[in-house]
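Report on the following structure.
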Amino acid sequence: MTSPFARLELLLGPAALPRLARARVLIAGLGAVGAAAAESLARSAVGHLVLVDFDEIRAANLNRHPFAFHSTLGEKKAAAAARFLRDINPDADITPLALFLDARTAPQLLAEHPCDVLIDAIDALNPKTDLLLTAQQAQVPFILTCLGAARRIDPTRFVAADLAASHTCPLARLLRKRLAKRGAAPGIRCIFSTEPPGASAEPVMPAADFYVRGRLRPPLGSLHCVTAAAGLAAARETLRFLLEPPCPTPN
Numbered sequence: 000m001t002s003p004f005a006r007l008e009l010l011l012g013p014a015a016l017p018r019l020a021r022a023r024v025l026i027a028g029l030g031a032v033g034a035a036a037a038e039s040l041a042r043s044a045v046g047h048l049v050l051v052d053f054d055e056i057r058a059a060n061l062n063r064h065p066f067a068f069h070s071t072l073g074e075k076k077a078a079a080a081a082r083f084l085r086d087i088n089p090d091a092d093i094t095p096l097a098l099f100l101d102a103r104t105a106p107q108l109l110a111e112h113p114c115d116v117l118i119d120a121i122d123a124l125n126p127k128t129d130l131l132l133t134a135q136q137a138q139v140p141f142i143l144t145c146l147g148a149a150r151r152i153d154p155t156r157f158v159a160a161d162l163a164a165s166h167t168c169p170l171a172r173l174l175r176k177r178l179a180k181r182g183a184a185p186g187i188r189c190i191f192s193t194e195p196p197g198a199s200a201e202p203v204m205p206a207a208d209f210y211v212r213g214r215l216r217p218p219l220g221s222l223h224c225v226t227a228a229a230g231l232a233a234a235r236e237t238l239r240f241l242l243e244p245p246c247p248t249p250n
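The opening position of the sequence shown corresponds to residue 0 in numbering that gives the first Met the number 0, with each subsequent residue numbered one higher.
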């Protein structure tokens, strides 16, 4: 059988595949953005993935989440993602963790699962801040945070930059302030949209469909092509780091 990564090898060269197979990537937050990044990395031959999310797949995820189907409703997002990704790449080492991340759990997570790349795709400010600071303290080589993707309609507006250079995104502004107040070092990369967020309509789902820990937050409008683009941008930025310096490609 032809190698599942034959097209990848044609593009990147044979030296890239062993490098990707050795790579360790931890993805925190398996909403539509984090799950899209996870799928892309699994299809890109990344050999070690740790998938962290305490949440379950709900009917409200069906419009955008790559692993949300009627057959997966009620499953933990991390477990569902791991099952699909193992079917894509059975040789990958994939660890699903149903864990809520905060200042207490983040240090233990990174101590038990050291990684080359951390992708933060959490949408809550406090856990996001706690995880990024913990990752800096743990000296994770490459830290990437995904910023707001809700209330946008243009998937072409996502860019990768240093967090300090981000703009337009309200979550980015709040995160920069929170990290600065807590003494974060520079150097965190981010994926953000240059599209100003629009207004969301009033939520139509019943309260029973909110699945949160801590403060109740109303849902925000979202579009699959936008959240997928954000996740793919995160995957691309991750691959850029993992393949630096670039591998020689075939003539």
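Ideal Cβ positions, reconstructed from N, Cα and C, are used throughout, including at glycine.
Since the structure is predicted, the reported quantities are computational estimates derived from the model, not experimental observations.
query	result
Keeping to the same chain, check which residues put their C-beta closer than 6 Å to that of Arg156; ignore five residues upstream and five downstream.	Ser192, Thr193, Glu194
What residue does the beta strand (DSSP E) around Leu50 start on, and which one ends it?	47–51
Under a three-way DSSP split, which group does Val32 fall into?	helix
What does the Cβ neighbour count give for Asn60, buried or exposed, with the cut at 16 atoms within 10 Å?	buried
Roughly how many angstroms separate the alpha carbons of Ala171 and Pro185, rounded to a whole number?	14 Å
By Cβ distance below 6 Å, which residues in the same chain neighbour Gly230 in space, the five residues on each side in sequence not counted?	Val32, Ala35, Ala36
DSSP state of Phe99, grouped into three classes?	coil
Exposed or buried, what is Asp208 when buried is set at 16 or more other beta-carbons lying within 10 Å of its beta-carbon?	Low confidence applies here, because Asp208 scores a pLDDT of 42, under 50, leaving its location unreliable and the question unanswered by this model.
When DSSP labels each residue in this structure, what does Phe334 get in the three-state scheme?	Because the chain here runs from 0 to 250, residue 334 falls outside it and cannot be looked at.
Compute the beta-carbon to beta-carbon distance between Thr104 and Leu174, rounded to the nearest angstrom, for a pair I have assumed lies under 8 Å.	Actually they do not touch by this definition, with Cβ atoms about 19 Å apart.
Give every residue of the same chain whose Cβ lies closer than 7 Å to the Cβ of Phe240, excluding the five residues on either side of it in the sequence, and list them in chain order.	Val116, Phe141
With distances taken from CA atoms, which of Leu130, Asp153, Ala233 is nearest Asp161?	Ala233
For the candidate residues Ile56, Arg151, Leu100, Leu16, whose alpha-carbon lies nearest to that of Leu124?	Leu100
Quick check on this structure: which residue in Ala58, Ile87, Gly30, Ala148 has the alpha carbon closest to the alpha carbon of Gly220?	Ala148
Less than 7 Å between C-beta atoms, sequence neighbours within five positions excluded: which residues of the same chain meet that for Phe53?	Ala97, Leu98, Phe99, Arg212
Using DSSP with H/G/I as helix, E/B as strand and the rest coil, what is Phe240?	helix
Take the Cβ of His251 as the centre, count every other Cβ of all protein chains shown within 10 Å, and call the residue buried at 16 or more, exposed below.	One cannot answer for residue 251 here, as it falls past the ends of the chain, which runs 0 to 250.
With DSSP as the reference, label Arg172 as helix, strand or coil.	helix
Can you tell which of Pro95, Ala80, Arg150 has its C-alpha closest to the C-alpha of Pro217?	Arg150
Buried or exposed, going by whether 16 or more other CB atoms sit within 10 Å of the CB of Asp86?	exposed
Would you decide whether Arg188 is buried or exposed? Buried here means 16 or more other CB atoms lie within 10 Å of its CB.	buried
For Leu29, which option in Ile190, Pro17, Ile56 has the closest C-alpha, if you only look at C-alpha atoms?	Ile56
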